[in-house]
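Chains as they are written, first to last, in the numbering used here: chain A, 1 to 171; chain B, 1 to 223. We put the beta carbon where it would ideally sit given N, CA and C, even for glycine. The model shown is predicted, which means the values in this text are computed figures rather than measured ones. Some notes on the structure that comes next.
Below is the structure:
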């Protein structure tokens with residue numbers, strides 16, 4: 001494996017903070033998000049020759065990050081089941097520094113089904129276009145628009161009034 | 001009133017506690033790459049029937065264990081094989097004509113017939129025969145795929161390598177059809193460049209061909 005080129009280093013440094021933020025909002029855990037972001041960037045490095053030719057390399061990196069998050073969720077639920085089976089006593093864990101208490105928006109986002117959560121974060125936090133979100137999630141643009149619409153409606157129900165401008169902006 | 005979802009998410013999202021340590025990311029990338037190469041090598045060994053098979057298949061180099069190029073009339077031991085020692089009554093003789101071009105007939109499994117029936121009348125092959133099979137295979141693959149699969153992307157096949165085989169003790173065809181049949185079988189590696197762009201496994205295939213009195217028989221596609 002050749003030495004990393006400047007483009008790759010710049011790409012990783014540019015995407016790191018946003019990737020951590022997105023994954024933290026997605027998983028609700030900053031420690032996990034940092035680990036997943038690092039793993040996603042390692043995969044970008046591994047496949048950089050191919051990834052750099054994509055229309056949206058960023059979308060690919062976010063997709064990898066989210067796939068890793070899904071694997072993490074699966075692993076964690078298996079761990080939970082194992083704990084339950086063994087009835088292991090769990091030690092008291094100090095409350096994490098993030099997320100802050102009373103973040104109702106975060107709670108509402110986390111209650112969304114995972115595909116709706118993905119599109120909301122990619123569209124509104126990362127700032128990808130609908131076309132790029134569709135490429136990242138490997139689904140048609142129409143599906144992305146539908147998912148955004150449903151997610152905004154669910155958020156509106158939970159939080160009272162997510163501005164209707166968001167909905168029109170999404171479509 | 002929630003002003004803007006974008007701003008709120010921006011405000012809510014945490015910042016990384018430390019800057020990116022690119023060295024450790026790069027180190028991890030190297031680990032992942034090594035692991036992928038190891039998996040790839042393992043897959044090749046498994047697909048080719050064990051270590052012996054992987055190293056014995058003469059795909060990249062000159063075909064080994066081949067009769068020297070001699071004209072057909074001067075081949076003294078050109079008796080057909082009986083084949084199918086270990087298999088049932090089915091034989092590749094029942095494979096129908098795929099196409100005929102320039103006096104050359106090519107046979108392959110028809111609709112509802114599986115690959116893998118042993119050829120009973122396989123004749124010995126020379127280097128010239130292998131070359132003929134090489135030239136034949138892109139057309140045969142094209143016609144075969146067109147008849148059976150139809151997706152456009154499977155057309156325009158390219159032959160990557162050819163040799164006599166199959167070799168290796170774990171290859172089932174060698175056991176089932178007998179060593180003599182195996183020695184008289186041309187193994188051709190074919191790639192479908194369009195498919196290989198999106199699937200490495202589906203983008204390549206291996207075909208076993210035998211020369212018989214009636215023409216060439218494509219009698220197996222192990223992968």
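| Name the DSSP beta bridge partners of residue 60 of chain A, please? | The bridge partners DSSP lists for residue 60 of chain A come to none.
| query | Does residue 16 of chain A come within less than 9 Å of chain B when only Cβ atoms are used? | reply | yes
| For residue 210 of chain B, does the count of other Cβ atoms within 10 angstroms reach 16, so buried, or fall short, so exposed? | buried
| If you run the structure through DSSP and keep just helix, strand and coil, what is residue 187 of chain B? | strand
| task | My understanding is that residue 159 of chain A touches residue 104 of chain A, with C-beta atoms under 8 Å, so please give their C-beta distance in whole angstroms. | result | 6 Å
| message | Using DSSP's beta-bridge definition, name the partner residues of residue 162 of chain B. | response | B:188
| query | Closest Cβ-Cβ distance between residue 198 of chain B and chain A: below 9 Å? | reply | no
| field | Three-way DSSP call (helix, strand, coil) for residue 4 of chain B in this model | value | coil
| task | Report yes or no: is there a C-beta of chain B within less than 9 Å of the C-beta of residue 65 of chain A? | result | no
| Looking at the structure shown, is residue 3 of chain A part of a helix, part of a strand, or coil, going by DSSP? | In this structure, residue 3 of chain A counts as coil in the three-state DSSP scheme.
| said: Can you check which of these residues, A:5, A:27, A:6 and A:14, is closest to residue 117 of chain A by C-alpha distance? | reply: For the options A:5, A:27, A:6 and A:14, the alpha carbon positioned closest to that of residue 117 of chain A is the one of A:27.
| Under 9 Å between the Cβ atoms of residue 16 of chain A and residue 37 of chain A? | Yes, they are a contact pair.
| message | Quick check on DSSP: helix, strand or coil for residue 165 of chain A? | response | Annotation note: pLDDT 47 at residue 165 of chain A (below 50); position unreliable, no value reported.
| field | Same chain, Cβ closer than 7 Å to residue 23 of chain A, neighbours up to 5 away in sequence not counted | value | 33, 36, 37, 65 and 69
| Boundaries of the beta strand (DSSP E) in which residue 106 of chain B is found, first to last residue | First-last of the beta strand (DSSP E) with residue 106 of chain B: 104-107.
| Are there three or more Cβ pairs, one per stretch, closer than 8 Å when the stretch 102-116 of chain B is compared with the stretch 182-198 of chain B? | With a cut-off of 8 Å, the stretch 182-198 of chain B and the stretch 102-116 of chain B do not count as touching, because too few Cβ pairs lie within range.
| task | Evaluate residue 13 of chain A with the Cβ neighbour count: other Cβ atoms within 10 Å of its Cβ, from every protein chain shown; 16 or more gives buried, anything less gives exposed. | result | exposed
| query | Where does the unbroken alpha helix (DSSP H) through residue 104 of chain A begin, and where does it stop? | reply | 104-111
| query | Who pairs with residue 215 of chain B in a beta bridge, going by DSSP? | reply | B:212
| task | Under 6 Å Cβ to Cβ from residue 44 of chain A, same chain only, skipping five residues before and after it: list those, please. | result | 51 and 61
| said: For residue 182 of chain B and residue 11 of chain A, I'd like the C-alpha separation in whole angstroms. | reply: 53 Å
| residue 25 of chain B CB to nearest chain A CB: under 9 Å? | yes
| So, using beta-carbon positions, are residue 137 of chain A and residue 143 of chain A closer together than 9 Å? | yes
| Boundaries (first-last residue) of the beta strand (DSSP E) holding residue 101 of chain B | Residues 97-101.
| request: Report the rounded CA-to-CA distance for residue 158 of chain B versus residue 29 of chain B, giving the unit in angstroms. | output: 33 Å
| request: To the nearest angstrom, report how far apart residue 199 of chain B and residue 135 of chain B are at their CA atoms. | output: 25 Å
| query | How long is the line joining the alpha carbons of residue 133 of chain A and residue 106 of chain A, rounded to whole angstroms? | reply | 21 Å
| request: Would you identify the three-state DSSP class for residue 122 of chain A, choosing helix, strand or coil? | output: helix
| field | Beta carbon of residue 187 of chain B nearer than 9 Å to that of residue 160 of chain B | value | no
| task | Assign residue 212 of chain B to one of two classes, buried (16 or more other C-beta atoms within 10 Å of its C-beta) or exposed (fewer than that). | result | buried
| request: Check whether the Cβ atoms of residue 12 of chain B and residue 122 of chain A lie closer than 9 Å to each other. | output: No.
| Within the 9 Å Cβ cut-off, does residue 29 of chain B reach chain A? | With 9 Å as the cut-off, residue 29 of chain B counts as an interface residue toward chain A.
| task | Output yes or no for whether 9 Å exceeds the beta carbon distance between residue 98 of chain B and residue 144 of chain B. | result | Note that the C-beta distance between residue 98 of chain B and residue 144 of chain B is below 9 Å.
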